Structures are given as structure tokens and as C-alpha cells.
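The structure under discussion appears below in the form of C-alpha cells.
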Amino acid sequence: MARLNEIGWEEFSKLDLEAKRPYLEREEGDGMPYHTLFAQQFDRRLLERLCALANRIRFINKSKEGALYLKNILAGRRAMLYFSQPSSRTFLSHQNACQILGLNTCSVRDAATSSEAKGESKTDTVRTFSSYVDLIIMRCPEKGLAEQMAWELSNSERPIPILNAGSGKDQHPTQALLDIYTLLRSFETKGGIDGRTVAFCGDLMRGRTVRSLSYLLTNFSDVKQIFVAPKELQVPDDVIAILESKGVRYEVHDDLREAVKASDAVYMTRIQDEWDASKGESAKIDTSRFKFGAEELALLGPDAIIMHPLPRRDEIATCCDHDPRAMYWRQMRNGMWIRAALIASVFGFEKSVMGCGY
Amino acid sequence: MARLNEIGWEEFSKLDLEAKRPYLEREEGDGMPYHTLFAQQFDRRLLERLCALANRIRFINKSKEGALYLKNILAGRRAMLYFSQPSSRTFLSHQNACQILGLNTCSVRDAATSSEAKGESKTDTVRTFSSYVDLIIMRCPEKGLAEQMAWELSNSERPIPILNAGSGKDQHPTQALLDIYTLLRSFETKGGIDGRTVAFCGDLMRGRTVRSLSYLLTNFSDVKQIFVAPKELQVPDDVIAILESKGVRYEVHDDLREAVKASDAVYMTRIQDEWDASKGESAKIDTSRFKFGAEELALLGPDAIIMHPLPRRDEIATCCDHDPRAMYWRQMRNGMWIRAALIASVFGFEKSVMGCGY
Amino acid sequence: MARLNEIGWEEFSKLDLEAKRPYLEREEGDGMPYHTLFAQQFDRRLLERLCALANRIRFINKSKEGALYLKNILAGRRAMLYFSQPSSRTFLSHQNACQILGLNTCSVRDAATSSEAKGESKTDTVRTFSSYVDLIIMRCPEKGLAEQMAWELSNSERPIPILNAGSGKDQHPTQALLDIYTLLRSFETKGGIDGRTVAFCGDLMRGRTVRSLSYLLTNFSDVKQIFVAPKELQVPDDVIAILESKGVRYEVHDDLREAVKASDAVYMTRIQDEWDASKGESAKIDTSRFKFGAEELALLGPDAIIMHPLPRRDEIATCCDHDPRAMYWRQMRNGMWIRAALIASVFGFEKSVMGCGY
Numbered sequence: 000m001a002r003l004n005e006i007g008w009e010e011f012s013k014l015d016l017e018a019k020r021p022y023l024e025r026e027e028g029d030g031m032p033y034h035t036l037f038a039q040q041f042d043r044r045l046l047e048r049l050c051a052l053a054n055r056i057r058f059i060n061k062s063k064e065g066a067l068y069l070k071n072i073l074a075g076r077r078a079m080l081y082f083s084q085p086s087s088r089t090f091l092s093h094q095n096a097c098q099i100l101g102l103n104t105c106s107v108r109d110a111a112t113s114s115e116a117k118g119e120s121k122t123d124t125v126r127t128f129s130s131y132v133d134l135i136i137m138r139c140p141e142k143g144l145a146e147q148m149a150w151e152l153s154n155s156e157r158p159i160p161i162l163n164a165g166s167g168k169d170q171h172p173t174q175a176l177l178d179i180y181t182l183l184r185s186f187e188t189k190g191g192i193d194g195r196t197v198a199f200c201g202d203l204m205r206g207r208t209v210r211s212l213s214y215l216l217t218n219f220s221d222v223k224q225i226f227v228a229p230k231e232l233q234v235p236d237d238v239i240a241i242l243e244s245k246g247v248r249y250e251v252h253d254d255l256r257e258a259v260k261a262s263d264a265v266y267m268t269r270i271q272d273e274w275d276a277s278k279g280e281s282a283k284i285d286t287s288r289f290k291f292g293a294e295e296l297a298l299l300g301p302d303a304i305i306m307h308p309l310p311r312r313d314e315i316a317t318c319c320d321h322d323p324r325a326m327y328w329r330q331m332r333n334g335m336w337i338r339a340a341l342i343a344s345v346f347g348f349e350k351s352v353m354g355c356g357y
Numbered sequence: 000m001a002r003l004n005e006i007g008w009e010e011f012s013k014l015d016l017e018a019k020r021p022y023l024e025r026e027e028g029d030g031m032p033y034h035t036l037f038a039q040q041f042d043r044r045l046l047e048r049l050c051a052l053a054n055r056i057r058f059i060n061k062s063k064e065g066a067l068y069l070k071n072i073l074a075g076r077r078a079m080l081y082f083s084q085p086s087s088r089t090f091l092s093h094q095n096a097c098q099i100l101g102l103n104t105c106s107v108r109d110a111a112t113s114s115e116a117k118g119e120s121k122t123d124t125v126r127t128f129s130s131y132v133d134l135i136i137m138r139c140p141e142k143g144l145a146e147q148m149a150w151e152l153s154n155s156e157r158p159i160p161i162l163n164a165g166s167g168k169d170q171h172p173t174q175a176l177l178d179i180y181t182l183l184r185s186f187e188t189k190g191g192i193d194g195r196t197v198a199f200c201g202d203l204m205r206g207r208t209v210r211s212l213s214y215l216l217t218n219f220s221d222v223k224q225i226f227v228a229p230k231e232l233q234v235p236d237d238v239i240a241i242l243e244s245k246g247v248r249y250e251v252h253d254d255l256r257e258a259v260k261a262s263d264a265v266y267m268t269r270i271q272d273e274w275d276a277s278k279g280e281s282a283k284i285d286t287s288r289f290k291f292g293a294e295e296l297a298l299l300g301p302d303a304i305i306m307h308p309l310p311r312r313d314e315i316a317t318c319c320d321h322d323p324r325a326m327y328w329r330q331m332r333n334g335m336w337i338r339a340a341l342i343a344s345v346f347g348f349e350k351s352v353m354g355c356g357y
Numbered sequence: 000m001a002r003l004n005e006i007g008w009e010e011f012s013k014l015d016l017e018a019k020r021p022y023l024e025r026e027e028g029d030g031m032p033y034h035t036l037f038a039q040q041f042d043r044r045l046l047e048r049l050c051a052l053a054n055r056i057r058f059i060n061k062s063k064e065g066a067l068y069l070k071n072i073l074a075g076r077r078a079m080l081y082f083s084q085p086s087s088r089t090f091l092s093h094q095n096a097c098q099i100l101g102l103n104t105c106s107v108r109d110a111a112t113s114s115e116a117k118g119e120s121k122t123d124t125v126r127t128f129s130s131y132v133d134l135i136i137m138r139c140p141e142k143g144l145a146e147q148m149a150w151e152l153s154n155s156e157r158p159i160p161i162l163n164a165g166s167g168k169d170q171h172p173t174q175a176l177l178d179i180y181t182l183l184r185s186f187e188t189k190g191g192i193d194g195r196t197v198a199f200c201g202d203l204m205r206g207r208t209v210r211s212l213s214y215l216l217t218n219f220s221d222v223k224q225i226f227v228a229p230k231e232l233q234v235p236d237d238v239i240a241i242l243e244s245k246g247v248r249y250e251v252h253d254d255l256r257e258a259v260k261a262s263d264a265v266y267m268t269r270i271q272d273e274w275d276a277s278k279g280e281s282a283k284i285d286t287s288r289f290k291f292g293a294e295e296l297a298l299l300g301p302d303a304i305i306m307h308p309l310p311r312r313d314e315i316a317t318c319c320d321h322d323p324r325a326m327y328w329r330q331m332r333n334g335m336w337i338r339a340a341l342i343a344s345v346f347g348f349e350k351s352v353m354g355c356g357y
């Protein structure tokens, strides 16, 4: 087995994702990640195991006895939420996932209150946090920082796991997990994900969500992907290149209604103008045709679903909120369950939770 | 029974408080609130039940076994403290009340760190929070927002309870509850609240505390109310109108010492200059005769008490702090107990706590 | 026994540290502090007891059963972390220490969110906090504030303990405790601290860490102290005066390499330019000869250790980080253990933890 403390940083950082993957697994050899850094660590088998574990945790938590059983799992362990990028929902989702498992949390949310203000390096900051806790959940604007920190810790006296809650523009693996979990739950009793058509609509260029979910869907058989966006915000070429290399069917166009009629799941996204290179850049784009409202709802199939990573602006009209096919609120709660499942499996509790008597 | 998911928002919001009340009760029909939004939800019977429960919790908590029993009550449940208005003591009081019952907490205290910065509506923000937790305790500057959110959640897939920890200028129901609890405790062995005289002094125009407590006192028999303030800050007409409609005895004047001699409880308040329409407005008012010091203490009856919602400036001289009749510190701790009692009853634990063996 | 509620503040505040000490002890007479305010409260006997307790807690925490035993010790109790001075690592260290013992925490970290913004006095603020919790851990820029608050609380209805997590420029007792604990652990199987040579290097003028540790080391026999610094940042005269009055051997010079060769422990410190009287003052000092790098590492004895209170800038080269003699990361984790030990002993659990079956 590949071990992260037996390879230098220079060498490791140059590997491609597929080659990095074994270095990030749990030593116990069950295939689950120890450090969770990118969506590509999860193949279909792992996705299905994690979703089954999330289902189990969700069910166990319904009774008080079950909830107390779960709270005992990681009692005595502690996690740090290190969020140097603003985020309330990702923060809260992870914090509540920790609490479900009895994991105590502490947090640093603003680089200014931390010792970085006194001239400390990021590496020292993260090693400091590792002195106190058993898991670091981190979100940061720097691409690759979570990966480097995972290597640093694996080469220290406190080799605790890192969970990437969003790094830079590209990776946000647990968001992709919760999207897959939502699809799996929605089609659980209706034949599963294989053979489905999933449409993505909105700002497909800049959302790491779309990128990761598109990739994870290639783990399933015969899933067709449709990308609906104004041309300035269409899906990047490298995402398409991956689909082509894997022989995945896809369409790229700008007709939301056509896509709605053809899809089992419509994944709406917000225009991410916080990434605008120049102020007001996004405002010049005509996005009026990329909103989901009453008319689109009328075209949606009876078993199809609407998803959104939230927060939304006006991409989905509030009149859709009470429709049973609107999955975006449940999607958010699914995030808490899948994160609890991931954390439980990082600490080696997958089997005992799956087999417990609750 | 009236149910909040069987009435539209437009219709509900136009009802008067008395008519709204049944929509906010627990479904179990024990009369206790499910959503706690305004002081007028509590009649004498409920106030006495809640205070009895607070007494019980306070007593149980004295032993370690009792404290562990209490911490088990809501273990496995989670609460969100959503405070978009600054407040440390109300925040801490609720947080510690949650901790007493084993309820895990998370918080959002600054609208800027939340997704509202990304253009999300308040409704979406609160629905998001409801995805993670089992109770939302919220404080906000917008009048009526807590009420609207209670309606929204009751009409969603996650109909969790809202506890209003202060909304706008008018409602702060748990502050009124802790004031009543302090009066009940102080006169518990001395014949109770009926027939007492309570004086309010200071900024009676702008404090929601005075307004709510004045109202709740009308639940008791023959309680006289005295309002002592500079004329610019006297009690508003609508408060007086309620007292007149209920036949409550009252006086309105500016002589604190006369009021002290005549009262069983003197409720001092701070000049709330944060609500000044123009800067420095309050500073022009002569408030020198509305402070409680050594001379007032000498006039106070041996069984009478001094109250203050805190924080104070110089309305009460620190020389009074060690007098056994100074109730303001204990009043603050009472807030924690009554909030624990309220939360326990929202979740249906009133009976089991009252009847437990500790 | 001296009791803090039997002496006035004026009288108490004028006592010297030695005379203050008995007023701050636990009433049970085991010599341990109730209020922990300054390093001088700890003599050798107490230091050794505390370190033994920290060792015990560290060991017990290794097993899940042990961790759950520890989390039960202060379950049902609550602590407030009141940090009006920015600090992430001291905050986190105390918070995690509390969590190890099952103590729930809440915090106020920014004076602006607290009621001080509404004109409240510090004393009222701390008394308010004491209404909700059972322990106040406080860090503040004001010299002597922690001491005054300890007196205030001991003279109130809620005489809960204060733990000083840094006040003003002079006192930070738990930092000194963790340094002693690190030395004791490092030399535990090698004959202990007696007879050792400890070198301090860097900004010896402004670090309260050096001041406190230098003092505590005088509790041990025949420990020589070497102070290595640019002359503008050398150790203050009052520290030297204490060593002379106690007959402690010491050297004051500016040759780090000579000191490294002669020492069992080299304690590096950061230039504390946040205390600069004028901006850029420190930048004018030549500190190039006061950095620990590969060459110094080569001169260090095989059993000697390197310490640093962290955060560091470039006083210690990162190439030293993986050397087994680099103790600074472990030193930080030791802080969590010794604080857990201190808190357990404040609440009277020293004996039961030392004697428990884990």
C-alpha cells in the first residue's frame, strides 16, 4: 500500500489524481479515504457504500436511543473547522455532522484572529491545530493547500486526517457526494441512477459543484449529461474532454425547456459573480432564459427532480418550493448525513454502524 | 385545534395576537407554545407552569446526577442560534440553557458571514438552517420576521419550532418570562405576585422589556403599576390603554422616591440611546432624578426588590449590588433557567421533568 | 486559611504575590489554586502534582473508555472563554482542554459584540458571565483585571473561579505551566530538571513567557539560566534581580552557538514587534544571530531539546521540525493536557483522576 509518509512532497504533488488516490486511503485497506481531498477519490463502489452508511445513520438517528448511540461513536474525539473562506452553510453542515457523531468541534473562521496575523506560515497554523484535535475540516481559497497540509500532517507526529470542505476554484468533494446521495435517494426505488439524463443549467464555467458532479456521474452506466448555459458561462472544455474520453453521452446548448423535458434531474446553479474578473462582468450576460419557474415545472416529468446547491437568487422561482419534485432543501440536509457518513468512515466506524442493532 | 399549515400567511398575519395564539401552540394540546413569538402567548396558568418547571430544573441541576439527567433530555437534538442583531447576554443565556438540556448548538451571528451576502433571501436562510437543526432561536431587527419564519417552517418539510429572542422594537418574550420568574421567586414564600405594586423607572418609551412585563402583570390580580420617567421617555399610550381596558390600577409620574416607598418591586431601565432618531437626542434629557442609589435604597421596604434587565450604566449605583434586595444578577441567571424550561416544554418534556425522581 | 471574601480589594491589591497566594487557594486546603492568576502561585510540589495529573489525563485519554470517563468529570458544568485580546492558539488550547473534561464552553471574543458597547463596566460584564457558567477563562490586555475580577466574584453570590489566560504584559501562568510540563516530560527518564542548563534566546525583554518560566525554574535545584539576545531586547533587570536574590546561576550574552553547546534546553522566542513603541522599531535591530538553524542543530547535545512558545517566524528553521529534539509541537499539545489538569484540580478532581482505574 502507498503511504503518504513514504513519498516526498515534490514527488507526490506531481502525480495525477488517479496515482495520488492510494496514498490518501485509510491504512486499514478498506478503500475509504483517510484524507478526503478530491471527488475523484470516490468510485462507484465507495459512493454506494457511503450512501448506504448515510442512509443507515439517518435511520438510526430517528429514535432517541439511536441518536445517543451515534453521539457515542466519536465522543472523546475533537474536530477543528478551519474556514479561512466565508461560508455558513458548509460550515454548519459539517459542524452538525460532527455533533451527530458526538465529535466536539472548535473553529477558526477568520485568518485575522489567528496567529497568521503574527507572521505564522499556513503549515505552522495547521500543525498547531493538529496539536489539539483529531480531524481538521478545512476550507480555503488556495488551490492545493488542503493537499499539502494532508502531506505535512502525514509526515508529522500527529498524522490526523484532513477533510477538504472546499479549496480554490476546483475541489469541493463533499458537495459532490451530497449531490450523488440526493440522486441515489431520489431514484432508490425507481431503478437507480444508471441510464438517467441529468441537465446542468446556469453558471457552468465557474461552479466547482458542476465539475465534480459531472465527473462522479461517469461512475454510473449510461448517464447522459446536458449542459445548458449562456455561451459565456458554458461548461469548460476539460470537463467535456473527460466525458469524451469515457464515452459519456452529452449535449451542450442553451434551451432549458428542451432540457427539462428530456431530463430526470435538472441541476440549477447560481451565477457566481464573486469570481468576476472585472466588477459587473456577469451582469452584462443575459441569463433570463436560464431560470426555472412555473412553466419549466409544468414540463418536468412526474418522477424527475430539481436540484440546486444553494444559496439561490432567482434561478428557481419560490413557487416551485413546495412541489414534491423540488429536492434542493432535502439536498442540503443530505449534505449533513453524507458528511456524517464520511467522518464515521474516516475513523473506521463504517462496519460497526452498518451492523449495529438500531 | 388551529394549525399553522392550514392557514395562508396573508390571512394569519392579519389576525390579532389573541387569535394567532392557538396557531402557535404545541399539537399535543397542553397549551404550551410550539413557536414562541410574543409575550401574549402566556397566560397566568402557563406562566405558573413554566416557572414551576424552571424551579424544578434549577433544583435538579444542583446534583451531578441531576445535571446528567438534564443533559440527556435533548441529547441528540441540535439548535441554531441565529442572531443577526448584536447581543451577548441573550445569546449566552440561550446557549447555556441549551447546554443544560444537552442540546448541541451552532450559531450564525453576523449576516455578513452568511449566504445573505450571496443574495439569498431571509426565508431561504432560515429554511437552510432548518435543514440542520431541530430548533431555531432567532434575534433580528426586523419586526415580524420571527413570526413569518414560524409560518414558513410550519409549511415546509421541516416544521421545526422558532424561539423569538428579540424581534424589532416590540417583542422579546423570554425577557418578560424571566422577569415574571424573578418576581414569582422573590415573593414565592411571601404571598405571591397578586396585590403587589411594581414601579418601572427610566426609558419606558423605548424598552420592549417594560412593555412586555407590564402586559404579563395584568395576568395577576390587583397588581398596581407605577411609571416613573422624564416626560420625553414616559410609557407609550398603547401600554396605558391596555391597562385601562383591563381595569388595572396605575400611576404615571416622575418622582422615583415616592415610587420606591410605595412599591414591592422597582424595575430600573437604561436609557436606550441606540434608538435615538438623531444622535445625542437622549443626552439632552435630564435623567438625574431617575437613578437608584443609596438614598433610594434607604427608602425601599425590607421585602421589596430591585430589578434591572441589564446591562446598566449608572441607573443603579454599584453600592446597591451587595444588598440582598438587589435581584438583578439573580434575574439574569433566572433567564437561563426559564429559557431551559421553555425549551424543555417546546420539546414535550414538561411532564417527565416535573415527575422525574431527582 | 485566608479567604478572598474576608479582605477588601484595596487591601488585597496591595499585597505582594507571596501574600496574595493563600487567598487564591481552594478552600479544601490541598494547596491547589481556585483562582489561577499568576505563575508564582505554583511551587515545586504543586508543579509536580499538576504534571503528574496531566500525565495521567493524557494516558487515560488514549482509550475510548478512558476518554468517556474524562468527559464525564465535568459534564453538567459550563465554562466561558472571555478573550478580549485576539488569540487563536491559547483559546483553542483551553477550549479543547475543557472538552476533554466534558465541560461545555461558550465564548465572547470581541468586546464590540458584548454589552460593553452599551456602556457596561468590565465588572458588570464578568458578573454577567458568572450568571451562566461555572468557570471563567479570561484573556485581556489590562494588567491586573483578572485579579480584580477574581476578587469581585469571590465577593458575589456566584463565587466561581477565574483562570487567567494572559493579562497585560506580565502574567500568562498556564503558558509557564506548559513549559515546565514540557521540560519535566523531556527529562522524565533522564534525571529530571535539577541541575539542567536552560538558554533563552530572542526577545527576552517583552515576552511574558520568558519571565514566568525563568521564575518557575527557580523552584528546581541548581538550574542555570542563559539569556541570549541583542542588547536592546535583553532580559529585564527585575528578572535578573530575582535570580540573584535566590542565588541562581545565570549568564547574559549574545552568542547563541555557545549557549546551544552548553544547554539542555534552548528556548527560542519571536520578536514581539506588536509591542513596539514606534512602528518599525524592532525592524532596526539586527536579529540575524538569534536564529536556530541547521548549524545550531549540529551543536545541540543528543539529549537536549528545542522549545518555542509559538507562533514562530524564522527564529527556528523549518529544517529542524522533524528532528526528535524539536519539542515545540509537542509543547503545544502539552498545553492542552496541563490546562485540563489545572481545570480538573480547580474543581477538586485531582485525587479521583489520579486514583481512577483507567
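Residue numbers (numbering that gives the first Met the number 0), protein chains in the order written: chain E, 0 to 357; chain W, 0 to 357; chain Z, 0 to 357.
Think of the CB as a built atom: it goes at the ideal place given N, C-alpha and C, for glycine as much as any other residue.
Please read all numbers here as calculations on a predicted model, not as lab measurements.
Bridge-paired residues (DSSP) for residue i
i: residue 32(Z); result: 24(Z)
i: residue 200(W); result: 227(W) and 267(W)
i: residue 136(E); result: 80(E) and 162(E)
i: residue 6(Z); result: In the DSSP output, where bridge partners are listed per residue, residue 6(Z) has none listed.
Three-state class that DSSP yields for residue i in the structure shown
i: residue 222(W); result: coil
i: residue 165(Z); result: strand
i: residue 327(Z); result: helix
i: residue 80(W); result: strand
i: residue 280(Z); result: coil
i: residue 147(Z); result: helix
i: residue 170(Z); result: strand
i: residue 305(E); result: strand
i: residue 128(E); result: helix
i: residue 315(E); result: strand
i: residue 90(E); result: helix
i: residue 11(W); result: helix
Rounded separation between residue i and residue j - CA only
i: residue 341(E); j: residue 308(E); result: 19 Å
i: residue 276(Z); j: residue 118(E); result: 19 Å
i: residue 137(W); j: residue 160(Z); result: 31 Å
i: residue 348(W); j: residue 163(W); result: 20 Å
i: residue 212(Z); j: residue 253(Z); result: 20 Å
i: residue 96(E); j: residue 339(E); result: 5 Å
i: residue 222(W); j: residue 262(W); result: 10 Å
Host beta strand (DSSP E) of residue i (start-end)
i: residue 106(W); result: 103-107
i: residue 251(Z); result: 249-252
Limits of the alpha helix (DSSP H) - the one that residue i falls within
i: residue 64(E); result: 63-72
i: residue 210(E); result: 207-216
i: residue 256(Z); result: 255-261
Interfacial residues, the stretch 78-89 of chain E to chain W, with Cβ spacing under 7 Å: For the stretch 78-89 of chain E, which is checked against every Cβ of chain W, the residues closer than 7 Å are 85, 87 and 88.
Positions along the stretch 330-347 of chain W whose CB lies within less than 7 Å of some CB in chain Z: Of all residues in the stretch 330-347 of chain W, those with a C-beta nearer than 7 Å to a C-beta of chain Z are 331, 332 and 335, reading in chain order.
Cβ-based contacts, 8 Å cut-off: residues of the stretch 155-186 of chain E near chain W: Here the close residues number zero.
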